[in-house]
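The working numbering applies: residue 42 is where the sequence shown begins, and numbers increase by one.
Quick reminder that beta carbons are idealized off the backbone N, C-alpha and C, glycines included.
Predicted model only: the values in this text are computed from it and were never measured.
Below: the structure, in structure tokens.
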Amino acid sequence: MQYRLTDTHLYILENSRVLCFARPANAYKDIEELMENGTLYHISIPEDFEFFDHNKALTPGEGGDFFFEEFLNPVLKLINENKK
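Here is the structure:
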């Protein structure tokens, strides 16, 4: 998993898309809460992921994307273990 952790967000690169999760002051309760605070963005050049920010993102991805618990559990753990 290629990711970038900032003070406010966790960005995960997936093909030419970036999953963006907010980093709240308190830990997420569960995966459902995590997904409520997640946004999927399309980016023009995946190589620019290292410098990704919301201003470089194209329009947010449309609904219909589904991510398995096997993918989301490590994300939840990563954010909760690195609370601000």
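Contact annotation: the segment 49 to 67 touches the segment 84 to 95, with at least three C-beta pairs closer than 8 Å.
Exposure of F92 is indicated by the presence of fewer than 16 other C-beta atoms within 10 angstroms of its C-beta. Within the segment 46 to 70, the complete beta strand (DSSP E) runs of at least 3 residues fall at 50 to 55, 58 to 63. Approximately 13 Å separates the beta-carbon atoms of L119 and I72; this is outside 8 Å, ruling out the contact. About 11 Å separates the Cβ atoms of L75 and R64, ruling out a contact at the 8 Å cut-off. Following the DSSP letters along the chain, one finds K118 inside the alpha helix (DSSP H) bounded by residues 110 to 122. Beyond the five residues adjoining it in sequence on each side, L46 comes within less than 7 Å, by CB distance, of N123 in the same chain, given in chain order.
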